[in-house]
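In our numbering, the protein residues as written are 17 to 143.
A virtual CB, placed ideally from N, CA and C, is assigned to each residue, including glycine.
Below is one structure, written out as structure tokens, with a few remarks after it.
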């Protein structure tokens with residue numbers, strides 16, 4: 017499921033949240049995803065509106081109680097996940113915003129080494 021945002025929405029700083037170039041790339045990516053899903057025998061469902069409103073209604077319509085989505089450490093996205101939970105849905109998030117899941121690091125994120133070589137060597141030793 018992909019929820020299309022209000023592309024005319026402005027940020028607090030007065031510019032478009034989604035610009036024309038990003039929209040073009042997104043449209044191409046969604047066409048390709050739809051084709052790949054069709055090859056697997058399923059289809060991409062595209063909805064218009066905020067996920068916090070659209071997904072609970074869609075979940076009720078299909079009898080689902082759980083939504084699986086990407087865990088993104090950004091305020092807008094965290095607010096959307098909170099809205100889904102407050103609508104009564106169970107939300108299972110999956111981290112995929114970095115090459116290494118923060119939970120797989122051999123130390124807390126707050127203790128990351130300041131130098132990449134130290135970081136890399138520590139990861140190599142931890143394997």
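Out of the options, which one is the CA nearest neighbour of residue i?
i: residue 86; options: 24, 76 and 97; result: 97
i: residue 81; options: 50, 32, 102 and 132; result: 102
i: residue 79; options: 105, 142, 110 and 60; result: 105
i: residue 25; options: 65, 137 and 60; result: 65
i: residue 159; options: 111, 67, 51 and 83; result: The requested residue 159 is not part of the displayed model; the chain covers only 17 to 143.
i: residue 19; options: 117, 42, 35 and 51; result: 42
Identify whether residue i lies in helix, strand or coil by the three-state DSSP scheme.
i: residue 92; result: helix
i: residue 103; result: coil
i: residue 130; result: coil
i: residue 115; result: coil
i: residue 121; result: coil
i: residue 80; result: coil
i: residue 143; result: coil
Identify every residue that forms a DSSP beta bridge with residue i.
i: residue 86; result: 110
i: residue 18; result: 62
i: residue 26; result: 32
Report yes or no: do the segment 46-56 and the segment 109-127 share at least 3 C-beta pairs separated by less than 8 Å?
With a cut-off of 8 Å on Cβ pairs, the segment 46-56 is not in contact with the segment 109-127, counting fewer than three such pairs.
Fully enclosed by the segment 31-69, which beta strand (DSSP E) runs are 3 residues long or longer?
The qualifying runs are 62-64.
Validate contact between the segment 64-72 and the segment 42-52 using beta carbons, cut 8 Å, 3 pairs
No contact exists between the segment 64-72 and the segment 42-52.
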